[in-house]
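Asks: Once you've had a glance at the structure underneath, I'll fire off some questions.
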Amino acid sequence: MTDINIDALLSEGRTYPPPPEFAAGANAGPGFYDRDPDEFWTEQGRERVSWFTPFETLREWNPPYAKWYLGGTLNACYNCVDRHVEAGNGDRIAFHWEGEPVGDRRDISYADLQREVVRFASTLKQLGVRKGTAVAIYMGMVPELPVAMLACARLGAPHTVVFGGFSADSLSGRMNDMGCEVLITQDESWRRGRPVPLKQTADQALAAAPGVRSCLVVRRTGGEVSMVDGRDVWYHEASADVPDDPASCPCEVMDAEDLLFLMYTSGTTARPKGIVHTTGGYLVGVSTTHHYIFDIKPDTVYWCAADIGWITGHSYIVYGPLCNGTTSVLYEGTPDFPDRDRWWDIVARYGVTVLYTAPTAIRTHMKWGPEYAQRHDLSSLRLLGSVGEPINPEAWIWYRKYIGGDRTPVVDTWWQTETGMVLISPLPGLTTLKPGSATRPLPGIDAAVLDERGNEVPPGAGGYLVLRTPWPAMLRGIFGDPERYEQTYWSKYPGRYFVGDGARVDEDGDFWLLGRIDDVMNVSGHRISTIEVESALVDHPSVAEAAVCGRSDAQTGQAIVAYVTLKGGEEGSPTRLAELREHVAGKIGKLAMPANIVFTPELPKTRSGKIMRRLLRDVAENRSLGDTTTLADPAVVEEIRSRATAEA
Ligand code: PRX
Numbered sequence: 001m002t003d004i005n006i007d008a009l010l011s012e013g014r015t016y017p018p019p020p021e022f023a024a025g026a027n028a029g030p031g032f033y034d035r036d037p038d039e040f041w042t043e044q045g046r047e048r049v050s051w052f053t054p055f056e057t058l059r060e061w062n063p064p065y066a067k068w069y070l071g072g073t074l075n076a077c078y079n080c081v082d083r084h085v086e087a088g089n090g091d092r093i094a095f096h097w098e099g100e101p102v103g104d105r106r107d108i109s110y111a112d113l114q115r116e117v118v119r120f121a122s123t124l125k126q127l128g129v130r131k132g133t134a135v136a137i138y139m140g141m142v143p144e145l146p147v148a149m150l151a152c153a154r155l156g157a158p159h160t161v162v163f164g165g166f167s168a169d170s171l172s173g174r175m176n177d178m179g180c181e182v183l184i185t186q187d188e189s190w191r192r193g194r195p196v197p198l199k200q201t202a203d204q205a206l207a208a209a210p211g212v213r214s215c216l217v218v219r220r221t222g223g224e225v226s227m228v229d230g231r232d233v234w235y236h237e238a239s240a241d242v243p244d245d246p247a248s249c250p251c252e253v254m255d256a257e258d259l260l261f262l263m264y265t266s267g268t269t270a271r272p273k274g275i276v277h278t279t280g281g282y283l284v285g286v287s288t289t290h291h292y293i294f295d296i297k298p299d300t301v302y303w304c305a306a307d308i309g310w311i312t313g314h315s316y317i318v319y320g321p322l323c324n325g326t327t328s329v330l331y332e333g334t335p336d337f338p339d340r341d342r343w344w345d346i347v348a349r350y351g352v353t354v355l356y357t358a359p360t361a362i363r364t365h366m367k368w369g370p371e372y373a374q375r376h377d378l379s380s381l382r383l384l385g386s387v388g389e390p391i392n393p394e395a396w397i398w399y400r401k402y403i404g405g406d407r408t409p410v411v412d413t414w415w416q417t418e419t420g421m422v423l424i425s426p427l428p429g430l431t432t433l434k435p436g437s438a439t440r441p442l443p444g445i446d447a448a449v450l451d452e453r454g455n456e457v458p459p460g461a462g463g464y465l466v467l468r469t470p471w472p473a474m475l476r477g478i479f480g481d482p483e484r485y486e487q488t489y490w491s492k493y494p495g496r497y498f499v500g501d502g503a504r505v506d507e508d509g510d511f512w513l514l515g516r517i518d519d520v521m522n523v524s525g526h527r528i529s530t531i532e533v534e535s536a537l538v539d540h541p542s543v544a545e546a547a548v549c550g551r552s553d554a555q556t557g558q559a560i561v562a563y564v565t566l567k568g569g570e571e572g573s574p575t576r577l578a579e580l581r582e583h584v585a586g587k588i589g590k591l592a593m594p595a596n597i598v599f600t601p602e603l604p605k606t607r608s609g610k611i612m613r614r615l616l617r618d619v620a621e622n623r624s625l626g627d628t629t630t631l632a633d634p635a636v637v638e639e640i641r642s643r644a645t646a647e648a
């Protein structure tokens, strides 16, 4: 890092125009931004997706409800699998699957994928899964995960994938909210050489989700698990005699607006929201953005190193790439197992041309140093992508220099679970890049930055990011809660979608994302609500009160800080601290564990009794405290500050 003078580079405002050889052959070429948006999305709708019945109307917009590709019928699984085989591309690799144990790998062609999906779908059918049956999936990064999702899509059964790091409570909460009847899981998954007991956690979740009648279990590690008679079924047994020819299990005809999946995400209350994504607009949106942003060619070897349990994996490991017939890498493990060069070994071995990951991962590699990447030939890479949180210019430049060989464009893609698809991003053959900026909204995306009163702010000034027109993969609502949908996204500026991020636009019209402005934290690119963690803490019998906020962290972007008042005047101790962290892990998942817990006899409150989170954030960030005169007892802050300092 010492050979890059970041400050000089930033103050000189260095920019990176597209490399000429890239620009010459890019999927998005000159004139791309000049297209009429409706014409563009009509064309993409026709070209990127195969319809059983063509759509009649591009869009219907009754704010805040949008519909896309009305009248069209299709099947997402057909588009991602069958049609590629029918077109003679069955031999093309869909996934180079790389298991965590070294040497445990498998190439899956589109024809293989079709056979596996058909077998999986028929097995689900035997368990009574039909069009409309809600299915939960709780798995690691094994090939059966995308297979299970596609099998659901084939049958018209909406799925919800719950990230394997979530707790039993989180899993049962989601299954109950969606009304799931079937759960698909696996015995265990691998993580840094150790088994993670997914089925055991699923058992606890099932005990609290009486609506789930069947549990289909994929064998991965071969570890011991308990199976409940009449409820649990081994996939390898149930699928043994099931045919795998596509005619035996045809793709269900779905309306463009039929539910494809729910993805739960944290909002500003304790209850995660089930974000609704439907079939037609979502598929067109993710395949179009994938094609243009990652400049996908028939010989591209693409690797999105996210987990399928998050929206990034849904849109840019499963639905977008497969719809485009892309060859991808699917990796089960972590970047440092068995050593810190695992990723680079994978890139070199498969000749990966496009790599898409999160700033937190880039910063981790940065911390380890470039020598791990330098052990391998990374010259196949032609494009790098970033997602999940603002990327600091240092990380952007390191990524380009050490991973991209100082040649490759880096596309910083901004989007959300709710947007379904990337909305603000460079196009690698067109855009002059600026480290730290997601640059411009894609064609037809009308993004703006507003002040409190709803006026657009001048260039350079910060404000609230909004979207003023609908886009194809836009969420269609929050499952079962239209009021929350309207309140969360559409009430601050009626008729405009309120993103929840701060942003500014510079003189050139480039967007700079500034992070969340609500009670949502972003830890390693994962969204966690402060209230969710607070509820988990006060659920512990010893906790009287808790307040949670995020603080900056050099590696994870933000880290969670909790201020806790214990019952009966208890002072707190290292044992209690460890216990509370475990308690949060048990309630939500390890990803929500506070990095710091400050025990305090009181929390700062306004005279009306509201906890002053802003102050706690300032303490956490070690900032000056500003105006505390509305506090009921200003001394509380000093007390907390001294405890926080002592703890640090
Ligand atoms: O704050 C923004 C941040 O991540 C939030 C969305 O989180 P989630 O729904 O979990 O989806 C993450 C993957 C799409 C946004 O509100 N975010 C995402 N991408 C970026 C980003 N912030 C800055 N720059 C980005 N490229």
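Mapping the sequence shown onto full-length UniProt numbering, position 259 (from 1) lands on 259, and the numbers just tick up by one.
Every residue, glycine too, gets a C-beta built ideally from N, C-alpha and C.
Return the chain-ordered list of same chain residues with a C-beta closer than 7 Å to the C-beta of residue 95, the five sequence neighbours on each side being excluded.
Replies: 108, 143, 328 and 330
Asks: Pick helix, strand or coil for residue 471, following the three-state DSSP scheme.
Replies: coil
Asks: Here's the rule: buried if 16 or more other CB atoms are within 10 angstroms of the residue's CB, otherwise exposed. What is residue 52?
Replies: exposed
Asks: Following the continuous alpha helix (DSSP H) through residue 294, name the residue where it begins and the one where it ends.
Replies: Neither: residue 294 is in no alpha helix (DSSP H) and is coded neither H nor E.
Asks: So what does DSSP say about residue 323, is it helix, strand or coil?
Replies: Under the three-state reduction of DSSP, residue 323 is assigned to helix.
Asks: Please work out which residues of its chain come closer than 8 Å, Cβ to Cβ, to residue 284, disregarding the five sequence neighbours upstream and downstream, and give them in chain order.
Replies: 41, 44, 45, 48, 49, 68, 69, 472 and 473
Asks: Answer yes or no: do residue 292 and residue 28 have a C-beta to C-beta separation smaller than 9 Å?
Replies: yes
Asks: Whose C-alpha, out of 582, 370, 561 and 488, is nearest the C-alpha of residue 340?
Replies: 370
Asks: Considering only residues of the same chain and omitting the five flanking positions on each side of residue 3, which have a CB-CB separation below 7 Å?
Replies: At residue 3 the pLDDT is 40, less than 50, meaning the model places this residue with poor confidence; the figure from the coordinates comes in the next sentence. Excluding sequence neighbours, residue 3 sits near nothing in its chain.
Asks: Does the ligand PRX have a heavy atom nearer than 8 Å to the CB of residue 731?
Replies: In the structure as shown, the chain starts at 1 and stops at 648, and residue 731 therefore has no counterpart that could be examined.
Asks: Which residues share a DSSP beta bridge with residue 43?
Replies: Paired residue(s): none; residue 43 is not in a bridge.
Asks: Select from 54, 31, 30 and 58 the residue whose C-alpha is nearest the C-alpha of residue 39.
Replies: 58
Asks: Using the Cα positions of residue 518 and residue 245, report the straight-line distance between them to the nearest angstrom.
Replies: 50 Å
Asks: Span of the beta strand (DSSP E) holding residue 275?
Replies: Element bounds for residue 275: 273 to 278.
Asks: Helix, strand or coil: how does DSSP classify residue 545 here?
Replies: strand
Asks: Just checking my contact of residue 450 with residue 425 at CB under 8 Å: how many whole Å lie between their CB atoms?
Replies: Their Cβ separation, rounded to whole angstroms, is 21 Å, which puts residue 450 and residue 425 out of contact at 8 Å.
Asks: Can you determine whether any heavy atom of the ligand PRX sits closer than 8 Å to the C-beta of residue 389, and answer yes or no?
Replies: yes
Asks: Using C-beta distances below 6 Å, list every residue in its chain close to residue 242, excluding the 5 sequence neighbours before and after it, in chain order.
Replies: 119, 122 and 123
Asks: Roughly how many whole angstroms lie between the Cα atoms of residue 469 and residue 496?
Replies: 7 Å
Asks: Cα-Cα, which of 335, 387 and 35 is closest to residue 372?
Replies: 335
Asks: Any chance the stretch 155 to 165 sits against the stretch 128 to 146, with 3 or more Cβ pairs inside 8 Å?
Replies: Touching, per the Cβ criterion.
Asks: Give the straight-line distance between the Cα atoms of residue 499 and residue 464, rounded to the nearest whole angstrom.
Replies: Spanning the two alpha carbons is a distance of roughly 8 Å.
Asks: At a threshold of 8 Å, does residue 394 count as lining the ligand PRX (C-beta to nearest heavy atom)?
Replies: no
Asks: What do you reckon, is the C-beta of residue 622 under 8 Å from a heavy atom of the ligand PRX?
Replies: no
Asks: What's the gap between the Cα of residue 414 and the Cα of residue 240?
Replies: 43 Å
Asks: Look up residue 699 in the DSSP assignment and say whether it is helix, strand or coil.
Replies: With the chain covering 1 to 648 only, the question about residue 699 has no answer from this structure.
Asks: Buried or exposed: where does residue 491 fall if 16 or more other Cβ atoms within 10 Å of its Cβ makes it buried?
Replies: exposed
Asks: Enumerate in chain order the residues of its own chain whose CB-to-CB distance from residue 531 is below 7 Å, with the five nearest sequence positions on each side excluded.
Replies: 268, 269, 270 and 519
Asks: Rounded to the nearest angstrom, how far is the Cβ of residue 445 from that of residue 275, given a contact under 8 Å?
Replies: With 8 Å as the limit, residue 445 and residue 275 do not qualify as a contact, their Cβ atoms being about 18 Å apart.
Asks: Determine the direct distance from the alpha carbon of residue 87 to that of residue 387, and round the result to whole angstroms.
Replies: Residue 387 and residue 87: Cα-Cα distance of roughly 33 Å.
Asks: Going straight from the alpha carbon of residue 117 to that of residue 505, what length do you get?
Replies: 45 Å
Asks: Assign residue 114 to one of two classes, buried (16 or more other C-beta atoms within 10 Å of its C-beta) or exposed (fewer than that).
Replies: Its Cβ being crowded by 16 or more others within 10 Å, residue 114 is buried.
Asks: Beta-carbon separation of residue 185 and residue 215 under 9 Å?
Replies: yes
Asks: Quick check: residue 317 and residue 308, are their CB atoms within less than 9 Å of each other?
Replies: yes
Asks: Does residue 214 come out as helix, strand or coil in the three-state DSSP assignment?
Replies: Of the three classes helix, strand and coil, the one that applies to residue 214 here is strand, per DSSP.
Asks: Distance check for residue 559 and residue 593, CA to CA, integer angstroms please.
Replies: The alpha-carbon atoms of residue 593 and residue 559 are separated by roughly 9 Å.
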